[in-house]
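Working notes for the structure below.
Number of protein chains: 2
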Amino acid sequence: MATTPRRMTKQKAAILDYLKHSTHHPDAECVYQELKKQQPDLSRSTVYRNLAQLSEDQVIEKMGLQTESDHYDGNCSPHNHFICKKCGRIFDCGKEEIDTQQVEPIGSIETFTVYFYGVCHDCEKEA
Amino acid sequence: MATTPRRMTKQKAAILDYLKHSTHHPDAECVYQELKKQQPDLSRSTVYRNLAQLSEDQVIEKMGLQTESDHYDGNCSPHNHFICKKCGRIFDCGKEEIDTQQVEPIGSIETFTVYFYGVCHDCEKEA
DNA sequence: CTCTTATTAGGAATTGTTATTAATAAGATA
DNA sequence: TATCTTATTAATAACAATTCCTAATAAGAG
């Protein structure tokens, strides 16, 4: 995915180090505020740019729905979604059974959502 | 969740009707553009406000991670997340097996993510 | 019908994020 | 080590998605 060579900088290193030693899934602002304490002239854009680059390079992971705006669903019955990486369409699919025993030590599950990513069959045909 | 009485308006009815008869998971702008054809003086704020209200009332569903900004995870090994509705913390949990046969007719899965929502044990103790 | 107040249109303001630009510095090569 | 190329930076402007604000409107209870 990376189209240009990458250089390591102290800013990028700090961002990466912070994320690799965190377990609380910070957002960009949080990373910025935290690292600004060590590097007072760190820029917000640098944080955003590096977070984008690092997740593009799969060194870190961006959480959440990989779409630019929020989407709404009029169908409230239990079901999941498949998001096509190519055409961007969101498809409904059945609610799969899922084993939750690994979650029980953490808390009580009220709901869960599953997002599948891939290429839909329509787009596959075109390629 | 609704703290004030609700009134039905033709704007809200149109938004709801549109969503209930859609299967393509539109975003706010899409709903706005579509309904503006019938109601030329419909306002964008009205669409946003009603989408928020309707999903608060669980009449429709807002997709994606229920947080205001994007979060990043330095841990790239396969795992899922539990989001506490009370304290907002995001916990890691193991990657569960999931049956994907219902998704196969739609497309080829490359990855998937599972988000569990509930109340963590820390918050349960406090209540 | 009347009254209360939730809801509206319209636009301005805010927020999360990205683009721009000149200056800087990583890392390859000599 | 000195030099060169160019990815990266800080700062800020620009941007797009969303929310807030205000006076006017209209739902629906009495």
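Read top to bottom, the protein sequences are chains A and B.
Using numbering that gives the first Met the number 0, count along the first sequence one by one with no gaps and you end on 126.
Using numbering that gives the first Met the number 0, count along the second sequence one by one with no gaps and you end on 126.
For every residue, glycine included, the Cβ atom is placed at its ideal position computed from N, Cα and C.
* To do: Compute the Euclidean distance between the alpha carbons of residue 78 of chain A and residue 40 of chain A, then round it to the nearest angstrom.
  => Near 47 Å, if we compare the C-alpha coordinates of residue 40 of chain A and residue 78 of chain A.
* Could you say if the stretch 49-57 of chain B and the stretch 65-82 of chain B meet the contact criterion of at least three C-beta pairs nearer than 8 Å? => Between the stretch 49-57 of chain B and the stretch 65-82 of chain B there are fewer than three C-beta pairs closer than 8 Å, too few to call the two in contact.
* Asked: Can you list the residues of chain A that residue 33 of chain B reaches, using a CB-CB cut of under 9 Å?
  -> What residue 33 of chain B touches in chain A: nothing, since even the nearest Cβ is about 12 Å away.
* Asked: Per DSSP, what kind of secondary structure is residue 23 of chain B in: helix, strand or coil?
  -> Residue 23 of chain B: coil per DSSP, three-state reduction.
* Under 8 Å Cβ-Cβ, which residues of chain B neighbour residue 88 of chain A? -> Below the 8 Å Cβ cutoff, chain B contributes 23 as neighbours of residue 88 of chain A, in chain order.
* **Contact residues within the stretch 109-120 of chain B, judged by C-beta distance below 9 Å to chain A** => Residues of the stretch 109-120 of chain B with a C-beta atom less than 9 Å from some C-beta of chain A are 109, 110, 111, 112, 113, 114, 115, 116, 117, 118, 119 and 120, listed in chain order.
* Can you pull the DSSP bridge partners for residue 31 of chain B? -> DSSP lists no partner for residue 31 of chain B.
* Asked: If you draw a straight line from the C-alpha of residue 137 of chain B to the C-alpha of residue 124 of chain B, how long is it?
  -> In the structure as shown, chain B starts at 0 and stops at 126, and residue 137 of chain B therefore has no counterpart that could be examined.
* Along chain A, in chain order, which residues have C-beta atoms closer than 7 Å to that of residue 57 of chain B? -> By Cβ distance, chain A contributes 75.
* **Reduced DSSP category for residue 0 of chain A - H, G, I as helix; E, B as strand; rest coil** => For residue 0 of chain A, the predicted model reports a pLDDT of 49, less than 50, meaning its position is unreliable; a value from the coordinates is still stated below. When DSSP states are grouped into helix, strand and coil, residue 0 of chain A belongs to the coil group.
* **Same chain, Cβ closer than 6 Å to residue 37 of chain A, neighbours up to 5 away in sequence not counted** => Around residue 37 of chain A, the same chain offers no residue with a beta carbon nearer than 6 Å, after the five sequence neighbours per side are excluded.
* Tell me whether residue 113 of chain A sits in a helix, a strand or coil according to DSSP, three-state version. => The answer is strand: DSSP assigns residue 113 of chain A an E or B state.
* Limits of the beta strand (DSSP E) - the one that residue 79 of chain B falls within -> Unbroken beta strand (DSSP E) run through residue 79 of chain B: 78-83.
* To do: Check the Cβ of residue 101 of chain B against every Cβ in chain A and list those closer than 7 Å, keeping chain order.
  => Listed along chain A, the residues sitting closer than 7 Å to residue 101 of chain B by beta-carbon distance are 92, 93 and 95.
* Asked: residue 127 of chain B versus chain A: which residues are under 9 Å apart at the beta carbon?
  -> Nothing can be reported for residue 127 of chain B: it is not among the residues displayed for chain B, which extend from 0 to 126.
* Asked: When DSSP labels each residue in this structure, what does residue 96 of chain B get in the three-state scheme?
  -> Residue state for residue 96 of chain B is assigned as coil, using DSSP reduced to three classes.
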